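A short write-up of the structure that comes next.
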Amino acid sequence: MLAKRVIPCLDVHDGAVTRGVQFGRAEEGGLRNVGDPVELAVRYDKQGADEMVFFDITASAQGRDTMVDVMGRVASRCFMPLTVGGGIRTVEDMGIMLKAGADKISINSAALSKPELIREGAEKFGSQCIVVSVDAKKSGDGRWGVFSHGGRKETGLDAVEWSTRAVELGAGEIVLNSIDADGTKAGYDLEITRCISESVDVPVVASGGAGCLEHMAEVLHGGRADAVLAASIFHFGEYTVADVKAFLKQDGIPVRTI
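Take a look at the structure:
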């Protein structure tokens, strides 16, 4: 069995790491400042993080320039793979971030508005570089709908069907974000994670809801995820990446250790 990955996530707003709950937004006062992205990345790299994900949540051209700078500084000091997403709308945008030091590009709203962007990116840089991030929320009929624009806009798409199509177009990985669970620390959404994991033949990264070590083990076992992504429990010092890996290893889950 392949080793399961532990991935800290940094939401970057105007060059600083922030954290919200259920996709809280800066303009609503829903974000809490956490710290400097480069220093946090270095900390998690030393703790043994398998990868690092950066989401640029600054909706401005200046924010894009800031993110390019952040990626360059992180890449010069860290040795783990780096994924970046947020505001990437073209193949040219992907190239800029990859040249800055990213190893993977995560796309969400842009892929929904132009699905062919997935194929174009995969053909240009390889499927291993293209990650499709899916923001899912459970509806009253028991299905999971896909939302775009930071969870603000309902698309009418089914999360399992969209994930399957994204992989057919060339996505090499799916990051599944549960809007319901995001920042609540009440646990990952095991059902939708399992449904998507069983429907695609690429890795699925579970995101949203990590509150304790048991939650991570549950989604890797019962949710059949290939990796766990978390923010709050790392940023606020509740657990280190090493703590997570030690717990998972004790629970019989293969992990990469330093």
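Per our numbering, the very first residue in the sequence shown carries number 313; after that it's consecutive.
Just so it is clear, CB atoms sit at the ideal spot from N, CA and C, and this is done for glycine as well.
All figures in this text were calculated on a predicted structure; none of them were measured in a lab.
Looking only at ALA543, GLY499, VAL396, THR552, the smallest Cα-Cα distance to ALA529 is reached by GLY499. The DSSP-derived three-state label of VAL487 is strand. With a beta-carbon spacing of about 5 Å, SER439 and GLY482 fall inside the 8 Å limit used to define contacts. SER425 is the residue among LYS436, CYS441, SER425 whose C-alpha sits nearest the C-alpha of LYS465. For VAL386 and TYR356, the gap between their C-alpha atoms comes out near 11 Å. Around the beta carbon of PRO566, a 10 Å sphere encloses fewer than 16 other beta carbons of the protein chains shown; the residue is thus reported as exposed. Cβ-Cβ distances below 6 Å link GLY360 to VAL553, ALA554, ILE570 in the same chain, with the five nearest sequence neighbours on each side left out; the list follows chain order. Residue burial is scored here from C-beta neighbours: GLY433 has at least 16 other C-beta atoms within 10 angstroms and is therefore classed as buried.
Take the alpha-carbon of ASP362 and the one of GLY521: they are about 19 Å apart. Distance from the Cα of HIS547 is smallest, within the candidate group PRO320, ALA315, MET313, LYS450, for PRO320. Taking 3 residues as the minimum length, the beta strand (DSSP E) runs contained wholly in the region 355-390 are 364-368, in order along the chain.
In the DSSP assignment, GLY457 falls within the beta strand (DSSP E) that extends over 456-460.
Shown here, LYS411 sits in a helix according to DSSP, grouped into three states. ALA539 places its beta carbon 7 Å or farther from that of VAL556. When DSSP assignments are scanned along the region 534-565, the uninterrupted stretches of alpha helix (DSSP H) that are 4 or more residues long and fall wholly within it turn out to be 544-547, 553-562. Between TRP474 and VAL458 the beta-carbon gap is near 5 Å, inside 8 Å, which marks them as a contact.
THR476: member of the alpha helix (DSSP H) spanning 471-481, first to last residue. The beta carbon of LYS416 sits closer than 6 Å to those of THR395, CYS441, VAL443, all from its chain and outside the five residues before and after it, given in chain order. Here LYS358 is exposed: its Cβ has fewer than 16 other Cβ atoms, across all protein chains shown, within 10 Å.
The straight-line gap separating the alpha-carbon atoms of GLY523 and THR378 is approximately 30 Å. If you look at LYS449, you'll find it in the beta strand (DSSP E) that goes 442-450. Per DSSP, LEU322 is one residue of the beta strand (DSSP E) stretching across 317-325. Take VAL380, set aside five residues on each side of it, and the residues of its chain with a beta-carbon closer than 6 Å to its own are ALA412, in chain order. Per DSSP, the continuous alpha helix (DSSP H) segment holding GLY433 begins and ends at 428-437. Looking from the CA of ILE504, the closest CA among VAL365, ALA537, GLY347 belongs to ALA537.
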